[in-house]
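Enquirer:
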Amino acid sequence: MAQRIDGKLISEQVRAEIAAETAAWVEKTGVRPGLAVVIVGSDPASCVYVRNKERACAQVDFYSEKYELPEETTQEELLALVDRLNHDDHIHGILVQSPLPRHLNEEEVVLAIDPNKDVDAFHPYNVGKIMIGNHAFLPCTPAGVMELLRRSDIDVTGKECVIVGRSNIVGKPMAMLLLQANGTVTICHSRTKDLAAVCRRADILVCAIGKPKFFTADMVKQGAVVIDVGINRGADGKLCGDVDFDAVEPIASYITPVPGGVGPMTITMLLRNTLTAAQSAYQNR
Ligand code: NDP
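Per my numbering, the sequence shown runs over residues 855 to 1139.
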């Protein structure tokens, strides 16, 4: 039976460390790390994410600002706000919650964020830095997965790592981080031939496709580490991952549950990035 990786507990430990580091740093410099979160429109899931980010900031005593802009906000208005935040010394991290309403150009907004305040690590400058292994910030979800592996004493070196999903926010950066940790990495997607066979090769299997309970027991090698990034609603209306947890748990050596696995780590890594941004801004002032 697999050992469950308790993302909620690990996340609380990391947040406590961030809170302690922040308190010591504020004492020394008088500067509180500041995060600005911008949301356009009222997508219910985005509203929940933004509220959770606000709460997390309060938990570690960061300064935070929330901008709730109406659905009809223009590209110019949004870019003007980003520009103002880029020049605001109290703000070290800027996060524009996606998805944006369809009339807005998300790529242009990401490009407008000062890369030094890009705590989501979505700006091509930061993406490039990750590629060459000289990062300032790591994208939050893959960074959260790496932290879960580290704190569970799972060594990636030489392991067969299979990532299913090739999105810019999860799959691709996840592959880079596992590669930098000396894993032997394979990335799969919807066109991969015989996905089950490729998955069965994995010592570490990262599932990030957004399909409820897609990964079944026959896709997992005995003793594999299974990381479930997916967040879905199952047929019963309950939250579930991409992995058929009950079927895979007896086969895996470690497994992350949904909820309570990767999810809580994502916002925690956002806090880590914001503290890093504040520290570098102070050093480069
Ligand atoms: P995307 O929809 O952007 O990407 C999904 C990827 O999965 C694509 O690369 C797609 O392949 C691949 N895929 C889809 N169906 C299959 C299939 N049947 N077989 C193989 N590959 C397939 O999703 P995201 O990366 O944004 O998110 C993935 C999941 O992770 C979602 O459930 C999302 O909610 C969750 N998530 C969780 C986070 C957390 O904090 N825990 C944070 C971010 C996301 P192709 O490219 O060929 O289309």
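Just so you know, even glycine gets a beta-carbon here, dropped at the ideal spot from N, CA and C.
Indicate whether the contact test is met: 3 or more Cβ pairs, each with one atom in the segment 1121-1137 and one in the segment 984-1001, closer than 8 Å.
Expert: Segments in contact, yes.
Enquirer: If you follow the beta strand (DSSP E) that GLY998 is in, where does it begin and where does it stop?
Expert: Position 144 of the sequence shown, counted from the first residue, corresponds to residue 998. Unbroken run through GLY998 is the alpha helix (DSSP H), 994-1005; no beta strand (DSSP E).
Enquirer: Check whether the Cβ atoms of VAL1074 and ILE1105 sit closer than 8 Å, and answer yes or no.
Expert: Residue numbering aside, residue 1074 sits at position 220 when the sequence shown is read from its first letter. Residue numbering aside, residue 1105 sits at position 251 when the sequence shown is read from its first letter. Yes; because the gap between Cβ atoms is below 8 Å, this pair is in contact.
Enquirer: Is the closest heavy atom of the ligand NDP to the C-beta of ALA1062 under 7 Å?
Expert: Stepping through the sequence shown from its first residue, residue 1062 is reached at position 208. True, at least one ligand heavy atom lies under 7 Å from that Cβ.
Enquirer: Which residues in the same chain as LEU1124 place their Cβ atom closer than 8 Å to its Cβ, once the five residues preceding and following it in sequence are excluded?
Expert: Start at 1 with the first residue of the sequence shown, and residue 1124 comes out as number 270. Correct list, in chain order: LEU889, LYS907, ALA910, GLY947, LEU949, VAL973, ASP974 and CYS994.
Enquirer: Could you give the DSSP three-state label for LEU1093: helix, strand or coil?
Expert: Locating residue 1093 in the sequence shown gives position 239, where the first residue counts as 1. DSSP places LEU1093 in strand when its eight states are reduced to three.
Enquirer: Quick one: what does DSSP say LEU954 is sitting in, helix, strand or coil?
Expert: Sequence index remark: in the sequence shown, residue 954 carries index 100 (1-based). In this structure, LEU954 counts as coil in the three-state DSSP scheme.
Enquirer: Fully enclosed by the segment 1030-1076, which alpha helix (DSSP H) runs are 4 residues long or longer?
Expert: Qualifying alpha helix (DSSP H) stretches, in chain order: 1049-1054.
Enquirer: With a threshold of 16 other CB atoms inside 10 Å of the CB of LYS971, please say whether the residue is buried or exposed.
Expert: For the purposes of this step, residue 971 is taken as the residue at position 117 of the sequence shown. It is buried - the Cβ of LYS971 has at least 16 other Cβ atoms within 10 Å.
Enquirer: Quickly, what does DSSP pair SER1021 with across the bridge? List them, please.
Expert: Mapped onto the sequence shown, residue 1021 falls at position 167. According to DSSP, SER1021 bridges with nothing at all.
Enquirer: DSSP three-state label for GLU1014, please.
Expert: Locating residue 1014 in the sequence shown gives position 160, where the first residue counts as 1. Reduced to three states, the DSSP call for GLU1014 is strand.
Enquirer: CYS1053 and GLY1084 - do their beta-carbons sit closer together than 8 Å?
Expert: Taking the first residue of the sequence shown as 1, we reach residue 1084 at position 230. Taking the first residue of the sequence shown as 1, we reach residue 1053 at position 199. Cβ distance not < 8 Å, so GLY1084 and CYS1053 don't count as in contact.
Enquirer: According to DSSP, is ARG1087 helix, strand or coil?
Expert: Stepping through the sequence shown from its first residue, residue 1087 is reached at position 233. Note: ARG1087 maps to strand in three-state DSSP.
Enquirer: Go ahead and label ASP1096 buried or exposed: buried means 16 or more other beta carbons lie within 10 angstroms of its beta carbon, across all protein chains shown.
Expert: Numbered from 1 along the sequence shown, position 242 holds the residue referred to as residue 1096. Looking at its Cβ environment, which holds 16 or more other Cβ atoms inside 10 Å, ASP1096 is buried.
Enquirer: Report the rounded CA-to-CA distance for ASN959 versus GLU930, giving the unit in angstroms.
Expert: Position 105 of the sequence shown, counting from 1, holds the residue named residue 959. Position 76 of the sequence shown, counting from 1, holds the residue named residue 930. For ASN959 and GLU930, the distance between alpha carbons rounds to 10 Å.
Enquirer: May I ask you to list the residues that DSSP assigns as paired with LYS920?
Expert: Within the sequence shown, numbered from 1, the residue matching residue 920 stands at position 66. Note: LYS920 sits in a beta bridge opposite VAL891.
Enquirer: Can you find a heavy atom of the ligand NDP that lies under 7 Å from the Cβ of ILE1085?
Expert: By one-based count along the sequence shown, residue 1085 stands at place 231. Because some heavy atom of the ligand NDP lies under 7 Å away, the Cβ of ILE1085 counts as near it: yes.
Enquirer: Got a sec, what are the start and stop residues for the alpha helix (DSSP H) VAL1209 sits in?
Expert: It is not possible to answer for residue 1209, since the shown part of the chain is limited to 855 through 1139.
Enquirer: How is the beta strand (DSSP E) around ASP1082 delimited, first residue to last?
Expert: Locating residue 1082 in the sequence shown gives position 228, counting from the first residue. Where ASP1082 is concerned, the enclosing beta strand (DSSP E) stretches over 1079-1082.
Enquirer: Since ILE1017 and VAL1039 are thought to touch, with beta carbons under 8 Å apart, how far apart are those beta carbons, to the nearest angstrom?
Expert: The residue you call residue 1017 lines up with position 163 of the sequence shown. The residue you call residue 1039 lines up with position 185 of the sequence shown. About 7 Å separates the two Cβ atoms, so the contact holds.
Enquirer: Could you say which of LEU863, GLN857, MET855 and ARG1087 lies nearest to MET1119 if we only look at CA atoms?
Expert: What you label residue 1119 is simply residue 265 of the sequence shown in a count that begins at 1. It is LEU863 whose Cα lies nearest to the Cα of MET1119.
Enquirer: Confirm the yes/no value for this check: CB of ASN1020, any heavy atom of the ligand NDP, distance under 7 Å.
Expert: Counting from 1 along the sequence shown, the entry for residue 1020 is found at position 166. Sequence inspection shows Arg at residue 1020; the Asn mentioned does not correspond to that position. ARG1020 Cβ: within cutoff of the ligand NDP.
Enquirer: Just tell me which of LEU1031, ASP943 and PHE916 has its CA closest to the CA of GLN869.
Expert: Mapped onto the sequence shown, residue 869 falls at position 15. Sequence check: residue 869 is Arg here, not Gln. Taking only the C-alpha atoms, the option nearest ARG869 is PHE916.
Enquirer: Would you grab the beta carbon distance between MET1030 and MET985 for me? Rounded to a whole angstrom, and I think it's under 8 Å.
Expert: If you number the sequence shown from 1, residue 1030 lands on position 176. If you number the sequence shown from 1, residue 985 lands on position 131. Going by Cβ atoms, the distance from MET1030 to MET985 rounds to 6 Å, so yes, they are a contact pair.
Enquirer: Where does ILE948 fall in DSSP's three states?
Expert: For this step, residue 948 is matched to residue 94 along the sequence shown. Note: ILE948 maps to strand in three-state DSSP.
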